[in-house]
Amino acid sequence: NYFALGNEGYTSLYNVYEAQTPFRRDFLQRYTTQTRMLYLQDTVRLLDDRLTLNYGAKALSTTTRAQSLVPTTALAQGRIRAEDNFLPQVGVNYKLDERQDLYASYSKNIAAFGFTPFGTSQAAFDRSRSTLEPEESQTVQVGYRVQDAQFQLSADAYFTKFSNRLLTTSPCTAVQTCAAILSNVGAVHSAGADLA
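Structure below.
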């Protein structure tokens, strides 16, 4: 970032630095994300293939590393990991007839941290890294589907519970200026319906 300091005003319409010395802040970050996952799945068909059960689980580990390529104190460096060794998923489909079916599913998942935790000072990152937990979601969905040669219609309802919801917040009062931090704001629920 290059921008002028002071109250001299601009002396040129096209070159704001013509008569001014800009304040300079260099930053160049490299982010590397490594994801490892093991997944097992199976499908069981019952009742003359009218009932289909899909089930499985995965183990997921995601490590994000940030490295400053130029000397800077503007952004944090280091690594942060999100992992869970048991994330189950189950889906059920029941055919009412050749055109209609009912379905339901449950899944549990986590989100990788990405680059957001590094958008703060090194000290703030070091303090929060050991206490941050990855966002976790559990979703239940139930629905009905009908299809014909000319059309397809589906209607479903879903409910998602988020745990360890992460938001960027300011630890200071509104009249103070300080570095934002990534905070665990607890549980969030989301519910809705889809018609397509």
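Using the UniProt record's numbering, read the sequence shown as starting at 1 and increasing by one per residue. For every residue, glycine included, the Cβ atom is placed at its ideal position computed from N, Cα and C.
Asked, Found
"Identify whether Ser68 lies in helix, strand or coil by the three-state DSSP scheme.", "strand"
"If I'm right that Ala158 touches Thr139 with Cβ under 8 Å, what's the distance once you round it to whole angstroms?", "The question names Ala, but residue 158 in the sequence shown is Tyr. About 6 Å separates the two Cβ atoms, so the contact holds."
"With DSSP run on the structure shown, which of helix, strand or coil describes Val117?", "In the sequence under discussion, the amino acid at residue 117 is Pro, which differs from the Val named in the question. Of the three classes helix, strand and coil, the one that applies to Pro117 here is helix, per DSSP."
"Tell me whether the region 155-171 and the region 187-194 touch, counting them as touching only if at least three CB pairs, one residue from each stretch, are closer than 8 Å.", "yes"
"Where do the N-terminal and C-terminal ends of the alpha helix (DSSP H) with Ala124 fall, by residue?", "122-129"
"To the nearest whole angstrom, what separates the beta carbons of Leu182 and Tyr144, a pair I think is in contact under 8 Å?", "About 40 Å; that fails the 8 Å criterion."
"Applying the criterion that 16 or more other CB atoms from any shown protein chain within 10 Å of the CB defines a buried residue, is Pro117 buried or exposed?", "buried"
"Looking only at C-alpha atoms, which of Asp42, Gln67, Gln34, Leu166 sits nearest to Gln122?", "Gln67"
"Excluding sequence positions up to five away, which residues of its chain have a Cβ less than 6 Å from the Cβ of Gly91?", "Asn54, Ser105"
"Give the secondary structure of Thr173 by DSSP, where H, G and I count as helix, E and B as strand, and everything else as coil.", "coil"
"Taking the beta strand (DSSP E) that Phe86 falls in, what are its first and last residues?", "78-95"
"List the residues that DSSP assigns as beta-bridge partners of Gln138.", "Lys108, Lys161"
"Going by DSSP in three states, Gly143 sits in which element: helix, strand or coil?", "strand"
"Between Phe86 and Ala112, which are expected to be in contact by the criterion C-beta below 8 Å, what is the C-beta distance as a whole number of angstroms?", "Their Cβ separation, rounded to whole angstroms, is 17 Å, which puts Phe86 and Ala112 out of contact at 8 Å."
"Inspect the beta-carbon positions of Thr63 and Gln41 and report whether they are closer than 8 Å.", "no"
"By alpha-carbon positions, which one of Val146, Leu167, Ser163, Glu98 ends up nearest to Gly119?", "Leu167"
"Among Asp97, Glu98, Ser154, which residue has its Cα nearest to the Cα of Ala193?", "Ser154"
"Comparing C-alpha positions only, which one of Thr43, Thr32, Arg36 sits nearest to Gln89?", "Thr43"
"Measure the Cβ-Cβ separation of Arg129 and Gly78 and say whether it is below 8 Å.", "yes"
"If Leu60 sits next to Glu83, beta carbons under 8 Å apart, how far is it from one beta carbon to the other, in whole angstroms?", "6 Å"
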